[in-house]
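Number of protein chains: 2
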Amino acid sequence: MEKVGIKEIAAQANVSIATVSYVLNGTRNVRLNTKERVLRVIEELNYKPNDIAKSLKSKKTNTIGVIAEDVTVFNVPEIIDGINDYADRHDLHIVLTNLRLHRRVGHHYADVEAYRKYAVNAVSDLLAKQVEGMIYIGIHPRDVTGLIDTQGKPIVYTYCYAQNDLSIQYNDEQASYDAVRYLFNKGHRRIAVITGLMDSIPSRLRFNGYYKAITEYELPFEPQLIKVGDWGLDSGLRLTKELLELSEPPTAILVMNDVMAVGTLRAAREKGVGVPEDLSIIGFDNREFSDYLNPRITTMALPLHEMGYSSMRSLLRLVNGEDADPEQVPQCVLLERDSVAPPKR
Amino acid sequence: MEKVGIKEIAAQANVSIATVSYVLNGTRNVRLNTKERVLRVIEELNYKPNDIAKSLKSKKTNTIGVIAEDVTVFNVPEIIDGINDYADRHDLHIVLTNLRLHRRVGHHYADVEAYRKYAVNAVSDLLAKQVEGMIYIGIHPRDVTGLIDTQGKPIVYTYCYAQNDLSIQYNDEQASYDAVRYLFNKGHRRIAVITGLMDSIPSRLRFNGYYKAITEYELPFEPQLIKVGDWGLDSGLRLTKELLELSEPPTAILVMNDVMAVGTLRAAREKGVGVPEDLSIIGFDNREFSDYLNPRITTMALPLHEMGYSSMRSLLRLVNGEDADPEQVPQCVLLERDSVAPPKR
DNA sequence: CTGTTAGCGCATTCAC
DNA sequence: GTGAATGCGCTAACAG
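Protein chains in written order, with UniProt numbering: chain A, 1 to 345; chain B, 1 to 345.
Structure (structure tokens):
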């Protein structure tokens, strides 16, 4: 474990350290003979370059900092995977910072002050490490403008927004529009919706898509078919019961996340309503368990991998001083499973 | 965004760069007056130290490399979270490498050659970045001896093993022993088990625990109560049916993962067997969905966070040249939910 | 094609 | 209590 450096190699191979550097980086042509000799010594001495020194000199770290609000929240790992996918192909490295928000502030992520210090620290550390840029991965889509200051370094937000910076999001409105269209094409005319909390951006956007589809297909807009949930299983259970107790219940429900959809499934079972024979259900998020439920539920898959990949690509453009490309917005895709069928009537 | 360095500060504050370094690191006493002046200039110029340069000089990066076989596999994020937990408290940084094994080689993780190149690359990169040590997070407990060579740098494996290095694992045998004891204490005497693939270490260990408990409690050892599954939902479904068709079916089943337990639940439903009235079930892993099933299933929670935390702690000892501590093995804990009840008879 | 040399930004010895 | 000087390991002019 002796630390062999470039100069050791140079000595052993009877060349200058510059030459070694050249063969190492291919920066310049080196006579084949010389090159082989150097390479052999490198092999023999088991030399490993020191990126730290290289970075200091070249002022390039080839490293980007990823700030994840919480790696244990379902959307984050897939996004990281997408980031890695792109990074691998472009010889970039990742320094990961995990804010551990879920554990530290629970559901109070709306209260920015509660975790500003963590975020600011993370940025400081990353800046000190001379990252070329940063990606910030939220655990809930919301505006985090002003949370951090990257001192001019490029940053891309994903799964959340910031007003003066680029952010990569999926198309919520389109997704729920597509879901309703799918139900319509299956023959459904009374389509209910169970939303998430209405102060959340995705809820609004998804509702817009629902409303737009209802309008375009000239379906009756009935307020009693619209239920406001809170993303939790119990609200799905409760609201579905309300829906099923209507004098004219819906034949299909668009539920804005898979967790509430579990509640919907339970309500249906309790009421003796068959899914999908009597009631069709579409969930949102493609949570892993949605495939384990009975029936397996049809759900809108979030393009998480693509969001990570795309964030990285856009960031790289910023780092290279190019324009943020007129990126197309990642689209959700409907996973057809067993919770949707044509209505009986 | 001018790059202000230590020498800028020195000039503005009329001191030498050495002095600035002293106040920055508290390496030596500096007259209060001078110190304040320096601090003020640092503030004004918004100076951020350059860790790269610092590391080059001090030969310490305070960074450890984490090699995750795949961040999208359920056990990994929690382990990373534990690592971060410890790292945060000790001012350590994490460079994350994601091998993306699941995506790249699917279930062929037994075939080491299929991904050796990725692993070796990861280690090279980390070594070049001068990490102080590494943690390797597996996606399935197995022996990965010889996969990588860290050139003498300390490494700790978790959720997998390597023969000549430290590895942090949870106590599989104890866990399943505890599960059986729990069932016994609830009054069960005919306790079946559905294992995972028997070439997997956890299956063996968990079976040992089952066997030990059966023996100690002097329960009849009946081979027909032992079913070998493959970790997949379908095997849980199929094997549970077999169990329920026995002339004298079990009153409880220990299922070695939650995914197969979903199959068990389905089989019971198809057979009209009530859970937990007619059949008690204990799963393994505490997968998120185990709380969404109907009934919510009682399961063995893996101490993932602790494994990450503990890996980091042990690694730090190695880095500091201390002995790997006689670490106690992280224990699983049984999460009591709704899938276990006393047997009817 | 190859060698010499000057730093990158900072910590640290050694003088004062 | 403070400063001047040295070098960490490497890259990239600049000279041959």
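Backbone N, C-alpha and C define an ideal beta-carbon position, used for all residues, glycine too.
Check	Outcome
Which same chain residues, not among the five before or five after Val273 (chain A), have their C-beta less than 7 Å away from its C-beta?	Leu244, Leu279
For Ile137 (chain A) and chain B, any beta-carbon pair shorter than 8 Å?	no
At a cut of 8 Å, does the stretch 63-76 of chain B reach the stretch 4-24 of chain A through at least three beta carbon pairs?	no
Below 7 Å on C-beta distance, what does Asn75 (chain A) contact in chain B?	Within chain B, no residue comes near Asn75 (chain A); the closest Cβ sits about 11 Å away, beyond 7 Å.
Taking 8 Å as the threshold, find out whether the stretch 207-224 of chain B comes into contact with the stretch 166-180 of chain B through three or more Cβ pairs.	yes
Between Lys241 (chain A) and the rest of its own chain, which residues show a CB-CB distance below 8 Å, the 5 nearest in sequence each way excluded?	Ala267, Glu270, Lys271
Helix, strand or coil: which one does DSSP assign to Ala324 (chain B)?	coil
Does DSSP put Gly308 (chain A) in a helix, a strand or coil?	helix
Which first and last residues belong to the alpha helix (DSSP H) in which Gly236 (chain A) is found?	233-244
Would you tell me roughly how many angstroms separate the C-alpha atoms of Leu24 (chain B) and Glu336 (chain A), rounded to the nearest one?	59 Å
If contacts are defined as beta-carbon pairs under 8 Å, then Glu69 (chain A) and Ile168 (chain A) qualify, I think. What distance do you get, rounded to the angstrom?	15 Å between Cβ atoms; not a contact.
Excluding the five sequence neighbours on either side, which residues of its own chain have a C-beta within less than 6 Å of the C-beta of Ile94 (chain A), listed in chain order?	Val66, Ala87
Does any C-beta atom of chain B lie closer than 8 Å to the C-beta of Arg89 (chain A)?	no
Run through DSSP, which three-state label would Phe284 (chain B) get?	strand
Just the chain B side, please: which residues come within less than 9 Å of Ala128 (chain A) by C-beta, in chain order?	Lys48, Pro49, Asn50, Asp51, Ile52, Lys54
Could you list which residues in chain A have their beta carbon closer than 7 Å to that of Asp81 (chain B), in chain order?	Val71, Thr72, Asn98, Arg100
With Pro276 (chain A) and Ala341 (chain A) assumed to form a contact (beta carbons below 8 Å), what rounded beta-carbon distance in angstroms separates them?	4 Å
Tell me, please, which residues DSSP counts as bridged to Ser167 (chain A).	A:Tyr157
Determine the DSSP secondary structure at His93 (chain B), reduced to helix, strand or coil.	strand
Look at Val144 (chain B) and Tyr118 (chain B) and say whether their C-beta atoms are less than 8 Å apart.	no
Quick check: the Cα distance between Thr34 (chain B) and Pro49 (chain A), rounded to an integer number of angstroms?	40 Å
By the criterion of Cβ-Cβ separation under 8 Å, what are the contact partners of Arg266 (chain B) in chain A?	Asn294
Relative to the C-alpha of Gly263 (chain B), which candidate in B:Glu288, B:Ser247, B:Ala10, B:Trp231 has its C-alpha closest?	B:Trp231
Run through DSSP, which three-state label would Leu32 (chain A) get?	helix
Does the beta-carbon distance from Ile79 (chain B) to Ile137 (chain B) come in below 8 Å?	yes
Run through chain A and tell me which residues come within less than 7 Å of Asn84 (chain B), C-beta to C-beta.	Asn98, Arg100
Taking DSSP's pairing of strands, which residues face Leu293 (chain A) in a bridge?	Answer by DSSP bridge pairing: none, since Leu293 (chain A) is not bridged.
Does DSSP classify Met300 (chain B) as helix, strand or coil?	strand
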